[in-house]
Each structure stands twice: as C-alpha cells, then as structure tokens.
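Asker:
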Amino acid sequence: MEKAILSRINLKTLDTNIAYDYFETISDLIDTKEVQDLKKCSQHLATSRFQHSLNVSYYSFLICRKFGLDAYSAARAGLLHDLYYYDWKTNDKRPLEGNHAKIHPIIALENAKNITITNPTIDDAILHHMWPLKTSHPNTSVGWIIQAVDKFCAITEMGHQSLFRASRSNNLLSYCILFTFLLTI
1 MEKAILSRIN LKTLDTNIAY DYFETISDLI DTKEVQDLKK CSQHLATSRF QHSLNVSYYS
61 FLICRKFGLD AYSAARAGLL HDLYYYDWKT NDKRPLEGNH AKIHPIIALE NAKNITITNP
121 TIDDAILHHM WPLKTSHPNT SVGWIIQAVD KFCAITEMGH QSLFRASRSN NLLSYCILFT
181 FLLTI
C-alpha cells in the first residue's frame, strides 16, 4: 500500500494508530485484484485511479473520524468510489452509454457490490460523489464528505504534480498555507 498524497503517514508500515485503524477498515479490499487493477488506470494527469481512490479514502476516513461520523463507511466508499476500468477521457470500452460523470458511479457501485458487502451509507457516497455534475446530491454526511474530498483530491493531485515547477514562484507558499489550513479543519 502507498501513502496518501501530501501525507506524512506511511500506511504501509502501520506505525501509527491512525494508519493501523485505517488499514483495518480497508484490509479486505486493498489487495483484491479489482482494487489493485486501478493502478493500471490513469485518473488525474500522472495519478493512478488507485492512488486517487486511496487519497479520497484516507482523507475521508480522517475527517469522519475527527467528527465522530462513520469513518468505516467513508474509508470503504472512498476506496471504491471510482472502481471502473475504462479510460474516462475517451469513449473506449465504456460498458454503458452516457456522460461519464453520470454513469461511472453506477458502474463503480456495481463493481463494489461484486467484491464486498456495502451498506446504504457506502452506496449513497459512491452514487452521489459526482454532485453537482450529477442531478442528485448525497443524502448522508459521509456522502457529502466523500464528494468534497474527491474534488479536493483531484485538484491537489493535479496541483501536486506541478509543485516542483511552481517552487520558484510565490504561489508555493500560498498553496502550502492553504493546504495546511484545510488539513486542520
């Protein structure tokens, strides 16, 4: 397993209580072929779909844990929210016709149900993580957190890849301050 982008916690060594608790929540999923196959899929620039899903899962877990919400469902929904295998940037090999933002949550939930038992909170978070691009919003607190963290991670992943290029500009300091603030919420 990797570590989440911009995190200091190594999820592989399980050397902190947070890493251990998080891993316990997703241990039955993380090494499945279906989840590992996400490493072969590109998501945002050079970020794999696996890394993106891990990022969403880990940060959603942390937020829900901090606020006493269902961290178990958040971690699992985050890991499974993009469980599809076609290239979203092209129309190649899409199993359903239609707009990617609307169809991939349906495909991801179906794939998730093929590898694990879900619950209504996980289902809601996966199905509604593309709000407001989808017409219906999340119905659970975890769903709202997943959709927000998903967008935050997408922006961070794309921005992180440009971080070294931006290191000579004044924007780097602003970026670091903003990200640090968001992590403390």
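According to full-length UniProt numbering, the residues represented by the sequence shown are 1 to 185, in order.
Note that CB positions come from ideal geometry on N, CA and C, so glycine has one too.
As the structure is a computational prediction, the values presented were derived from the model and not from experiment.
(1) Could you tell me the distance, in whole angstroms, from the CA atom of Ile145 to the CA atom of Thr32?
(2) Enumerate in chain order the residues of its own chain whose CB-to-CB distance from Lys102 is below 6 Å, with the five nearest sequence positions on each side excluded.
(3) With distances taken Cα to Cα, identify the nearest neighbour of Tyr58 among Leu69, Phe23 and Thr121.
(4) From which residue to which residue does the alpha helix (DSSP H) around Glu24 run?
(5) Closest to Asp150 by C-alpha separation, out of Trp131, Glu110 and Gly68, would be which residue?
(6) Between Leu29, Ala154, Ile155 and Gln51, which has its C-alpha nearest Lys39's C-alpha?
(7) With distances taken from CA atoms, which of Ala112, Tyr20, Phe152 and Ile107 is nearest Leu79?
(8) Output the boundary residues of the alpha helix (DSSP H) element that contains Asn55.
(9) I need the DSSP call for Ile9, collapsed to helix, strand or coil.
(10) Could I get the ranges of all uninterrupted beta strand (DSSP E) runs contained in the segment 126-164, with 3 residues as the minimum, in chain order?
(11) Have a look at Phe152 and Ala77 and give me their C-alpha separation to the nearest angstrom.
(12) Leaving aside the five residues before and after residue 192 along the sequence, list all residues of the same chain whose C-beta is less than 6 Å from its C-beta, in chain order.
(13) Let me know if residue 186 comes out buried or exposed under the rule of 16 or more other beta-carbons within 10 Å of its beta-carbon.
(14) Go ahead and label Ile117 buried or exposed: buried means 16 or more other beta carbons lie within 10 angstroms of its beta carbon, across all protein chains shown.
(15) Going by Cα to Cα distance, which pick from Leu11, Leu127 and Arg65 is closest to Asn55?
(16) Could you have a look at Asp84 and say whether DSSP puts it in helix, strand or coil?
(17) What residue range does the alpha helix (DSSP H) around Lys33 cover?
(18) In three-state terms, what does DSSP make of Lys3?
(19) How many angstroms separate the CA atom of Ala125 from the CA atom of Ala74?
Answerer: According to the data block:
(1) 25 Å
(2) Lys134
(3) Phe23
(4) Asn17 to Ile30
(5) Trp131
(6) Gln51
(7) Ala112
(8) Arg49 to Lys66
(9) coil
(10) none
(11) 16 Å
(12) Only positions 1 to 185 of the chain appear in this structure, which leaves residue 192 out of reach.
(13) No information on residue 186 is available, as it lies outside the stretch 1 to 185 that the chain covers here.
(14) exposed
(15) Leu11
(16) The sequence shown places Tyr at residue 84, not Asp. Three-state DSSP puts Tyr84 in coil, outside helix and strand.
(17) Lys33 to Gln36
(18) coil
(19) 8 Å
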